[in-house]
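Below is one structure, written out as structure tokens; the observations come after it.
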Amino acid sequence: MKAVTLTIDGRAISVPNGSTVLDAIRKAGIYVPTLCHDAVLKPYGACRLCIVQIKGMRGLPTSCTTPVAEGMVVTTETEEIQRIRRTIVELAIANHPYGCLVCDKSEECELLNVARYVGAQQSSVDRMRRASLNKAVDTSNPAFDFDPNKCILCGKCVRICNEVVGRGAIDFAYRGQNTLVCTFGGRPLALSACQNCGECVEYCPTGALSAKQTIIPQREVKTVCPYCGVGCSMLLGVRGQKIVRVRAAKENSVNTEGLCVKGRYGLDFVNHPDRLTRPLIRRDDAPKGAARRKPADDFREADWNEALDRVAQGLARVRDESGADAIGVISSAKCTNEDNYIIQKFARAALGTNNVDHCARLCHASTVAAALAAFGDGAMSNSISDIDCANVLFVIGSNTTECHPIIGRRIKRAVKFNGAKLIVADPRSIELAEMADVHLNHFPGTDIALLNGIMREIVTRNLYDKKFVTERCEDFEPFLESLDRYPLEAVEEATGVAREKIQQAAMVFGKAKRAAVLYGMGITQHTTGTDNVKAVANLLMLTGNLGRRGTGFSPLRGQNNVQGSCDMGALPTVFPGYQRVSDPQVRAKFEQAWGRKLSDQPGRTLTEMFQTIHDDKIKALYVVGENPTLSEPDAEHAKGALAKLDFLVVQDIFLTETAQMADVVLPATSFAEKDGTFTNTERRVQLVRKAIEPLGETRVDWQIIADVSARMGYPMNYSSAADIMEEVAQLTPIYGGIHYDRLENGGLQWPCWNRRHKGTPILHKDKFTRGRGKFHVVHDNPPAELPTRAYPLVLNTGRILEHWHTGSMSHRSRVLEAIASESSIEISHVDAAQLGIEEGDTVSVSSRRGTVRTKARKTGRVKPGEAFMAFHWWDAPANLLTNPVLDPQAKIPEFKVASVRTMLAVLERAAEDNAFLSALAENPAGILKSYDLTPEHRSALMNGDIAAIEKWVGPLEERLKVWLKARLKQENLAEV
Amino acid sequence: MRALDVKGFIGLEEAIELIRSEFEGRPDELIPMLQRVQNAIGYLPEEALLEIARATRLPAARIFGVVTFYAQFRLRPVGKYIIRVCRGTACHVSGSALILQDIQNHLQVAPGQTTKDGLFTLETVACFGSCALAPVVVVNDSVYGLMDSLKTRKLIEEIREKHGAIVARAGVEKGDRNGLRIFEG
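Chains A and B, in that order, give the protein sequences.
8 is the number of the first residue of the first sequence in my numbering; add one for each residue after it.
39 is the number of the first residue of the second sequence in my numbering; add one for each residue after it.
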């Protein structure tokens, strides 16, 4: 861009055209006070402090809103400017309390800094002082308070919430003297649209918005967030051995603008008193699976030597008696790459089995399988920042703003400010759907029909990229033919989406110069998961949206290091770097490096391990940082399997529901207590740095494994995590250039072949990893379970913004738990009305596999006939309900579709031994007509005479009486 | 006295339909939308604001900001008769403060409030520009000039009576928000 030269206080400065005068002033290293300006926000010009004198311009323009021009002569301070600035600041202070000494934010208070700089005078402030500062403080939010008395109305919070977060929960309201930053309807923050990310608190220049618990940290350590796969860089503020504050580390390309509520306020689990600090061994008198009031009573504390001996002996016994393949190892997507590498090496070399898997099986196994087949690489093809340059974003099966909030923000910004078009395909009306150009709310499990329908439309309208298809892809003809089965009418019927919307989506996507598809579990967690992903791949190849900036195939990985765990070979079929265990050459390489004969038999997947425990094929499990008792589908079955094991070792930071079933529990360190690397969803390998010393006697995961391994006759000697990565780099071509010293500044995106390679932000640039992109013929198949009369609702499961998976971390965060303390089921107004369910009722939800109790939440987010539940709660485990049926190719369970019925919990209890009530409950409309009623019964029922009814059915609870009255009205007995 | 005319307020559902049918949903239609809804319902209920937020894709908080910025918008149901007392200079020197005080005592409401029966809303206005008729009281769209406390009180009672008669005739319950809007024209 062309440079513009101007003079500032007599010095010549060159800045790019389009900069503001303030940018130039800052570049010149001159301080000009500001209160409303921030580089990430659009120029605003509210505080008027950055006024300057510009030769030839009238008055004193605000430098933050004035664009630079060639030859400008700027003076940043004159006596007049000084005087005006002082008055402005004095006016602000006149309405501001004086309690700076006891204000939590005074250390970083911009108002205080500016006041010092301009020299505000007590006498002038006193003259203008507002008589009383008594606006009510909003303390409703569990994370931060808003004190409007300290607010100077700079609007930074309002603009951050709009421009950066894309939420717009607050804005200026009222007028003049009474102007207030305010939520919709003036509600308390806790009841507003605020998502508690705390970005406004971070930017607020005064103490108006301040964290509830402010402790100034002694030092800050840069690391990576342990929650989702976005991989946000953050600064952990540490005081002593405690994390007291978390901020975004802004110099990175992932989360330039900030953090979500989990990252900022959800890390106090690290210092939670529930943390395991010593190894635990099951007491001899405490049988597994027996319900105890206090799970900790089943165990006794032991020292490391005893515990490690016990583990090594237990595993050796099973190996000697039943063979190495009777042991399963479950690695953790929460652990670092180095941990995962050591875990899979332990399984393969020390134990001698490929039975190693991790929770990717439950989230993106289908992505890895399908994308390897279609492109040759099972990962996100482009970078997160590509969202900024796309013309069209197609989000399918991903509630991005809740599950990957920072990517969600990017999408929202792209749509709001870059003019990107947004297509959202989701059965639910999620937040993104509200701002979408097209929302395709298809029936759960009809993704292939929908995508094929869209592709057929694209082909019919001749919008596909013939050049790309012929030059870069193969097997196009059979694919093209297969689309004939998806005419609009058929797709409309199968998916429930109006044909106009399908046409519109096809037009928008087909015509886009640069389009990207982002998807999540809504695509992968189906019996057709692999085919779903192949359909996504087909769509991208058909329209040539691969290998360029602003395009791409974007599976949004769930866990912080699920990408890395896959890369490190914590999968039953591949060594690190997706090198197949069945390939003799690869095996020979690893055999030489690891000095052991390695098995060529692909191991069992995580889901298969649980299924084969019952057949005695797996007798021992070593579970690291996973909680399958809540995360497996049909959790009751999984729990039964764990109880049946001969030997279970759990290595975790808390005594999770799974650890409670263990024989030995080994206390590991959290992410904050170790060095290592995480690989995020865009394949970026980033450094995790130790911020605090390991709590109590906890130890780093890879060190624990190495010690067990040594006791089993296979010592592994590494001096540090960096040391492990050196070995990874040697054996794993795609990680060939990954070395710790190269990761200091923002990390590297694999494939990174060697020390000089700069990483690969975009895959498949000139040719696909596998050569040509392969089209696959995929056809629509119904989900394994369809609604029936007995189970009429389709239950979808997933996550919510404030919690994480089985909640072992997020439930131990004060703020997150305060925001979302109990589980709920989202149910449509129509179904609720029919079932007589009111908001907040305790309902019982049953599937063919189990029953859970939870709170009803009536919402327009789900369609009639559908329901949604998050799986974060042990007291209402959604996975008791889910269907364990697997995708035949990737072995991923169908978490997204299960048939359930819901009923008022009180009604279910009462109906158990009451034929009358159960008949009414099971037949939502009209049953009594078929009964031969006596006149007195009839009149009592007709008039809803509860007292009379109670005489026959016994006393009813209050809530039940209300329900019964409403239910009897639906009977229309009068017509008979 | 002029004849009374009857005009009905529409319900929230209809108003939401109105937002969808009469507007494209461009952000610059915000103020016309708000005016249209207020005109139809008499005030701006939260549900209508949320619907406008959905239609314009503006944050609800922004819309709340706009609504509270302009004096013309109201967030609470308004009485069927809006009594506006002019507080301009000419009216002030002609005793409008006394009129205002008297109405307040009589109706037991402060400016900006609505009577318990939902019939009257009392407001003050900086100047109507009808200074020749000072002091001026305006009821809905009708201007009454050269007023005093007694005349105002009589006017209020008259309206109350006629309203009662119309309600009796139309069979609409008193205080029904979706009921009648009567003004003299």
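Think of the CB as a built atom: it goes at the ideal place given N, C-alpha and C, for glycine as much as any other residue.
Of the listed residues the options, nearest to residue i (C-alpha basis)
i	options	result
E308/A	A954/A, F191/A, D291/A and G780/A	D291/A
D152/A	G214/A, T408/A, K781/A and Y124/A	G214/A
A456/A	R796/A, E915/A and P790/A	P790/A
A645/A	R463/A, F516/A and P884/A	P884/A
R164/A	V540/A, L48/A and V656/A	Sequence check: residue 164/A is Cys here, not Arg. Among V540/A, L48/A and V656/A, the Cα nearest to that of C164/A is on L48/A.
G183/A	N143/B, P115/B and Y108/B	Y108/B
T705/A	E846/A, E733/A, F306/A and L673/A	L673/A
F483/A	T550/A, E873/A, S828/A and V144/A	T550/A
Residue i versus residue j - alpha carbon distance
i	j	result
A172/B	I90/B	40 Å
A76/A	I32/A	13 Å
L68/B	I741/A	54 Å
S130/A	G106/A	17 Å
E943/A	R435/A	46 Å
D214/B	I194/B	Annotation note: pLDDT 43 at D214/B (below 50); position unreliable, coordinate value reported separately. Approximately 20 Å, taken between the alpha carbons.
A797/A	K898/A	28 Å
C396/A	N425/A	8 Å
L963/A	R166/A	54 Å
L216/A	V208/A	5 Å
R594/A	W811/A	37 Å
S937/A	G503/A	34 Å
P799/A	D939/A	28 Å
A947/A	K154/B	40 Å
V122/A	V39/A	Sequence check: residue 122/A is Ala here, not Val. So the alpha carbons of these two residues sit roughly 12 Å apart.
L652/A	L628/A	7 Å
D43/B	V181/B	Reliability of the predicted coordinates at D43/B is poor, the pLDDT of 39 falling under 50, and the value obtained from them is presented with this limitation in mind. Each residue's alpha carbon lies about 16 Å from the other.
Within-8 Å CB hit, residue i to chain A
i	result
E51/B	no
R64/B	no
F102/B	yes
P70/B	no
A99/B	yes
E89/B	no
T106/B	yes
For residue i: DSSP bridge partner residues
i	result
H446/A	V431/A
G778/A	F775/A
K249/A	R246/A
T612/A	T612/A is not bridged to any residue.
Y984/A	Nothing about residue 984/A can be reported from this structure: the residues present for chain A run from 8 to 983 only.
I61/A	V81/A
E308/A	L287/A
Residue i: first and last residue of the uninterrupted alpha helix (DSSP H) it sits in
i	result
G536/A	G536 to L549
G559/A	No alpha helix (DSSP H) contains G559/A, which is instead part of the beta strand (DSSP E) from G559 to P562.
Q3/A	In the structure displayed, chain A extends from 8 to 983; residue 3/A sits before or after that span and is not available.
N344/A	N344 to K352
F475/A	K473 to R479
S59/B	L50 to E60
P591/A	P591 to W601
Residue i: first and last residue of the uninterrupted beta strand (DSSP E) it sits in
i	result
C207/A	Element bounds for C207/A: not the beta strand (DSSP E) but the alpha helix (DSSP H), E206 to Y210.
Y182/B	S180 to Y182
K229/A	R226 to V231
D186/B	Taken as a continuous stretch (DSSP letters only), D186/B belongs to no beta strand (DSSP E), as it is neither H nor E.
Y119/B	Y119 to C124
R420/A	Note, R420/A: premise wrong, no beta strand (DSSP E); alpha helix (DSSP H) at P412 to F424.
Any C-beta of chain B under 8 Å from that of residue i
i	result
Y181/A	yes
T190/A	yes
M442/A	yes
N203/A	no
G335/A	no
Residue i CB to nearest heavy atom of the ligand ATP below 7 Å
i	result
V695/A	The ligand ATP is not among the ligands present in this structure, which contains no ligands whatsoever.
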